[in-house]
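J.: Numbering (the working numbering), first residue to last: 118 to 175.
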Amino acid sequence: MKINKEWHEQNKMPKNADFEQRMKWHLNHLKNCSCSTNIPKKLAEEMIRKGIAIPTPE
Ligand SMILES: [Zn+2]
């Protein structure tokens, strides 16, 4: 597990992030960083409900 510190520095999660913002953050995060921050279960469930594919780390 490697953390992309630079990406995290530049991409802080907004304090009162809504679903859309959190989803985009996590999708972006998966592409840019491989640290252990996972998509929260509730957010993942909401994404599945909306038919949004969750990319799995390779
Ligand atoms: Zn990360």
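Note that the Cβ used here is the ideal one computed from N, Cα and C, for glycine as well.
Report the rounded CA-to-CA distance for Leu147 versus Arg139, giving the unit in angstroms.
T.: Here the question's residue 147 lines up with position 30 in the sequence shown. Here the question's residue 139 lines up with position 22 in the sequence shown. Each residue's CA atom was taken as its position, placing Leu147 and Arg139 some 12 Å apart.
J.: With distances taken between CB atoms, is the gap from Ser151 to Lys119 smaller than 8 Å?
T.: Start at 1 with the first residue of the sequence shown, and residue 151 comes out as number 34. Start at 1 with the first residue of the sequence shown, and residue 119 comes out as number 2. Result yes, Cβ atoms of Ser151 and Lys119 sit closer than 8 Å.
J.: Is it right to say Ile184 is buried, meaning 16 or more other beta carbons lie within 10 angstroms of its own, or is it exposed?
T.: The requested residue 184 is not part of the displayed model; the chain covers only 118 to 175.
J.: Tell me which residue opens and which closes the alpha helix (DSSP H) that Ile171 is part of.
T.: The sequence position of residue 171 within the sequence shown is 54, counting from 1. Unbroken run through Ile171: none, as it is neither H nor E.
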